[in-house]
Amino acid sequence: MPELPEVEVTAENLRRAELRAPIVAVDGQLPCRVFYACSPRTLADDLIGRCIRAISRRGKYLLFDLDDGSTLLMHRGMTGSLRVRDGTAAPDRYVRLTLSFADGRSLDFSDPRLFGRVVFFRRAIDRDRYLAERLGRDALAPISATELRALFGTRRRPIKLLLIDQHLLAGIGNLYADEALWSVRIHPATPGNRVSDSQYAALATAIPAILQASLQRGGTTSAREHLAAEASLPPDQRPLQVYGRVGRPCPRCGTPIARTVLSGRGSYFCPTCQQPCWSSEGPPRTGHAEG
Ligand SMILES: [Zn+2]
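When we follow the numbering used here, the leftmost residue of the sequence shown carries the number 3, and every step to the right adds one.
1) List the endpoints of the continuous alpha helix (DSSP H) containing residue 148.
2) Can you give the Cα-Cα distance for residue 280 and residue 273, rounded to whole angstroms?
3) Would you mind stating whether residue 69 and residue 59 have Cβ atoms separated by less than 7 Å?
4) Is it buried or exposed for residue 155, if we count other Cβ within 10 angstroms and need 16 for buried?
5) For residue 257, is the beta carbon positioned less than 6 Å from some heavy atom of ligand 1?
6) How many angstroms separate the CA atom of residue 37 from the CA atom of residue 278?
7) Using a Cβ-Cβ cutoff of less than 6 Å, which residues in the same chain neighbour residue 27 once the five nearest sequence positions on both sides are dropped?
8) Examine ligand 1 and report whether any of its heavy atoms sits within less than 6 Å of the Cβ of residue 226.
9) May I ask whether a heavy atom of ligand 1 can be found less than 6 Å away from the beta carbon of residue 254?
10) So, are the CB atoms of residue 6 and residue 25 less than 7 Å apart?
11) Cα separation between residue 209 and residue 177?
12) Return the first residue and the last residue of the beta strand (DSSP E) that residue 112 is part of.
13) Write down every uninterrupted run of the beta strand (DSSP E) in the segment 78 to 123 whose length is 3 residues or greater and which is fully enclosed by it, in chain order.
14) With a CB to CB cut of under 8 Å and the five nearest residues on each side skipped, what residues in its chain are close to residue 106?
15) My output table needs one value for residue 26: the three-state DSSP class, helix, strand or coil.
16) With respect to the beta strand (DSSP E) encompassing residue 44, which residues constitute its N-terminal and C-terminal limits?
17) Compare the C-alpha of residue 53 against each of 139, 197, 104, 39 and name the closest.
18) Do you know how far the Cα of residue 124 is from the Cα of residue 15?
19) Taking the continuous alpha helix (DSSP H) assigned at residue 216, which residues delimit it?
20) In three-state terms, what does DSSP make of residue 225?
21) Can you tell me where the alpha helix (DSSP H) with residue 9 in it begins and where it stops?
22) Is it the case that the Cβ atoms of residue 94 and residue 112 are separated by a distance below 7 Å?
23) Kindly give me the distance between the Cβ atoms of residue 76 and residue 120, rounded to whole angstroms, as I take these residues to be in contact under 8 Å.
24) From residue 199 to residue 142, what distance separates their C-alpha atoms?
25) Going by beta-carbon coordinates alone, are residue 161 and residue 181 separated by less than 7 Å?
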């Protein structure tokens, strides 16, 4: 599932493609659940004749700002991808939306599993409200230990679930949450209010650093591909230290990586490096109840 670095890499690739020509056609699958309060038909009315002015990212959302102040917003969900296609190339079978440009190129949004999302906003105020209702501060922005503790430190939910709650910190998913917690030796089930000040300080440094390192590598394609390639890479160049590596040795101590499930989310951790430290006061809550 694409997380912040992967979406940022997509945005950067699309910016480099310089899709500046006017949109001349909009085609798509109808009906299709990726469209939220819009459809390929309504998008044709709204987008034909418009030019993309800027492409940006908020959390895991891609934003296409158009020259009339409207915005097309896309979320890649679990399997969504965007591809710029020459007029002569064939679209793949999972294309849900295609924007065709006056220069002969097209932009395809493909999504085999249909967890992606396409939304159109005529007004910036509506776009901003939509994003504000869903996203907290961006995980790539520097955050101090005090700010991170203020965000998570009064909550009883496991730190892993707090990290992937987009309303609190936008952009982190399962993969980078597990990597960040392993790097600072925090057990994923530790309640937010039982994480120590020094652990919050370490986490505040680790989160942007891990996301930035992945961005430099061009994002993480999939855990499966990385596990297949792992043997050929020196340990210090492996992009995944813990995620998806159940049973494989912890790169730090050699203990086999374990997996636990928190509110339905598989979480990978090292049982030696990431010991539970709140056991004196009983197990943490794993539900959504907030404290
Ligand atoms: Zn370890």
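Even glycine gets a Cβ: it sits at the ideal position worked out from N, Cα and C.
Per the coordinate set shown:
1) Your numbering for residue 148 matches position 146 in the sequence shown. Residue 148 -> alpha helix (DSSP H) spans 147 to 154.
2) As a working note, residue 280 is residue 278 in the sequence shown. As a working note, residue 273 is residue 271 in the sequence shown. The straight-line gap from Cα to Cα measures roughly 14 Å.
3) The count along the sequence shown starts at 1 and reaches residue 69 at position 67. The count along the sequence shown starts at 1 and reaches residue 59 at position 57. Taking 7 Å as the Cβ cut-off, residue 69 and residue 59 do not qualify as a contacting pair.
4) Here the question's residue 155 lines up with position 153 in the sequence shown. Buried: at least 16 other Cβ atoms inside 10 Å.
5) The residue given as residue 257 occupies position 255 in the sequence shown. For ligand 1, at least one heavy atom lies less than 6 Å from the Cβ of residue 257.
6) In the sequence shown, residue 37 corresponds to position 35, counting from 1. In the sequence shown, residue 278 corresponds to position 276, counting from 1. When rounded, the distance between both Cα atoms is 42 Å.
7) Walking along the sequence shown from the start, residue 27 turns up at place 25. 102, listed in sequence order.
8) If you number the sequence shown from 1, residue 226 lands on position 224. No.
9) Counted from its first residue, the sequence shown places residue 254 at position 252. True, at least one ligand heavy atom lies under 6 Å from that Cβ.
10) Locating residue 6 in the sequence shown gives position 4, where the first residue counts as 1. Locating residue 25 in the sequence shown gives position 23, where the first residue counts as 1. Taking 7 Å as the Cβ cut-off, residue 6 and residue 25 do not qualify as a contacting pair.
11) If you number the sequence shown from 1, residue 209 lands on position 207. If you number the sequence shown from 1, residue 177 lands on position 175. Roughly 12 Å between the two C-alpha positions.
12) On the sequence shown, position 110 is the one that residue 112 refers to. Per DSSP, residue 112 belongs to the beta strand (DSSP E) from 108 to 112.
13) 83 to 87, 97 to 103, 108 to 112, 119 to 123
14) As a first step, residue 106 must be located in the sequence shown, where it is residue number 104. These residues qualify, in order along the chain: 88, 89.
15) Looking up residue 26 in the sequence shown gives position 24. Residue 26: strand per DSSP, three-state reduction.
16) Along the sequence shown, one-based indexing puts residue 44 at 42. It is not in any beta strand (DSSP E) - residue 44 instead sits in the alpha helix (DSSP H) that spans 42 to 49.
17) Here residue 53 refers to the residue found at position 51 when the sequence shown is read from its first residue. Out of 139, 197, 104, 39, 104 has the C-alpha closest to the C-alpha of residue 53.
18) Residue numbering aside, residue 15 sits at position 13 when the sequence shown is read from its first letter. Residue numbering aside, residue 124 sits at position 122 when the sequence shown is read from its first letter. Near 25 Å, if we compare the C-alpha coordinates of residue 124 and residue 15.
19) On the sequence shown, position 214 is the one that residue 216 refers to. Note, residue 216: alpha helix (DSSP H), 199 to 219.
20) Mapped onto the sequence shown, residue 225 falls at position 223. In the structure shown, residue 225 sits in a helix (DSSP, three-state: H, G or I).
21) Here the question's residue 9 lines up with position 7 in the sequence shown. Where residue 9 is concerned, the enclosing alpha helix (DSSP H) stretches over 6 to 19.
22) Translated into positions along the sequence shown, residue 94 becomes position 92. Translated into positions along the sequence shown, residue 112 becomes position 110. In contact: residue 94 and residue 112 (Cβ atoms closer than 7 Å).
23) Position 74 of the sequence shown, counted from the start, is the residue given in the question as residue 76. Position 118 of the sequence shown, counted from the start, is the residue given in the question as residue 120. Indeed, because the Cβ distance is near 5 Å, the residues count as touching under 8 Å.
24) Walking along the sequence shown from the start, residue 199 turns up at place 197. Walking along the sequence shown from the start, residue 142 turns up at place 140. If I take the Cα positions, the gap works out to 21 Å.
25) Counting from one through the sequence shown, the residue named residue 161 turns up at place 159. Counting from one through the sequence shown, the residue named residue 181 turns up at place 179. No, the Cβ-Cβ distance between residue 161 and residue 181 is not below 7 Å.
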